[in-house]
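Chains as they are written, first to last, in this note's numbering: chain G, 1 to 113; chain B, 1 to 113.
2 protein chains.
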Amino acid sequence: MKNDLDVVFKALADESRRELLDRLRTENGQTLGDLCARLSKSGAVMTRQAVSKHLAILEDANLVATIKRGREKLHYLNPVLIHEIGERWIGKFERSRLDALSTLKKELEAKNE
Amino acid sequence: MKNDLDVVFKALADESRRELLDRLRTENGQTLGDLCARLSKSGAVMTRQAVSKHLAILEDANLVATIKRGREKLHYLNPVLIHEIGERWIGKFERSRLDALSTLKKELEAKNE
DNA sequence: ACAATATGCAACCTTTTGGTTGCCTGTCAA
DNA sequence: TTGACAGGCAACCAAAAGGTTGCATATTGT
């Protein structure tokens, strides 16, 4: 269970994993079996083991937390790191947003003269 | 030059590429040669071609825009998609942030009884 | 014109990633 | 206790990602 920024970005880089997060957001505390149902890779359904691996990656990135209850394992969304990316990483680019665009616009106009 | 969310997330998944974005944020409109200087992969310096590939990926994801001026190619940060991820993608998780945590906390307490 | 500079393109290589199959372990319910 | 159910583990595989070397092209300054 690392906490590095790179691990989080890499975890978010996969469509299936983002879909898993979405589904936990819709309904928190699902089991592997629940999440396994109807998770598809471009149309085709993927196996339980594949989903399990994705969940392990999300858990390692600290994006989901799990609780074992009996023979099932419940998965809970942990939105803290998503929030952190928004605050710390995206935030710093936010500051330069308008500035960057105006600079680019100026350069483009200079080129077209 | 696609505009898909997946392409953007995949582009952001690499540490070197995020560093390139950081450096364009610090100083916009740099050439490949500029960006090439001192870009390292865990200590070791990487070749111009590797940096070029990374820039191509960023450009394809629409995170950088380029202008050719003579024999050099200037790279400009395009923060629009980063902003969009913050607004549309992170935003929807923001809503469920406190709720998710309280749910998880309740489950944990229930387990420890 | 010509050498140096700035970049592009393609082949190739290695590691990582996403996925599968097969089998094993633990838990619940009849 | 004995199936059936939920999940874990490990080996294996194909494709994608990251990087390199080598050569080609275009532009600039002298």
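Note that CB positions come from ideal geometry on N, CA and C, so glycine has one too.
Asked                                                                                                       : Found
Outcome for G:V8 when other beta-carbon atoms lying within 10 angstroms are tallied against a minimum of 16 : buried
8 Å CB neighbourhood of G:W125 in its chain, flanking five on each side removed                             : Shown here, chain G extends from 1 to 113; a query on residue 125 of chain G therefore has no answer.
Any non-hydrogen atom of the ligand NAD within 8 Å of B:L58 CB                                              : In the structure on display, the ligand NAD does not appear, and there are no ligands present to speak of.
For B:K2, three-class secondary structure by DSSP                                                           : coil
Reduced DSSP category for G:R17 - H, G, I as helix; E, B as strand; rest coil                               : helix
For B:E72, three-class secondary structure by DSSP                                                          : strand
G:G70 to G:D34 span [Cα, whole Å]                                                                           : 16 Å
Close beta carbons around B:R25, own chain, < 6 Å, minus the five adjacent residues each side               : L77
Backbone CA spacing between B:I57 and B:E19 [nearest angstrom]                                              : 14 Å
Per-residue DSSP class, three states only, for B:A65                                                        : strand
Distance CB(G:L55)-CB(G:T47) smaller than 9 Å                                                               : no
Whole-Å CB distance - G:L63 paired with G:L39, under 8 Å assumed                                            : Contact flag wrong, Cβ pair sits at about 16 Å.
G:A37 (DSSP reduced to helix, strand or coil)                                                               : coil
Chain B contact for G:R97 (CB, 9 Å cutoff)                                                                  : yes
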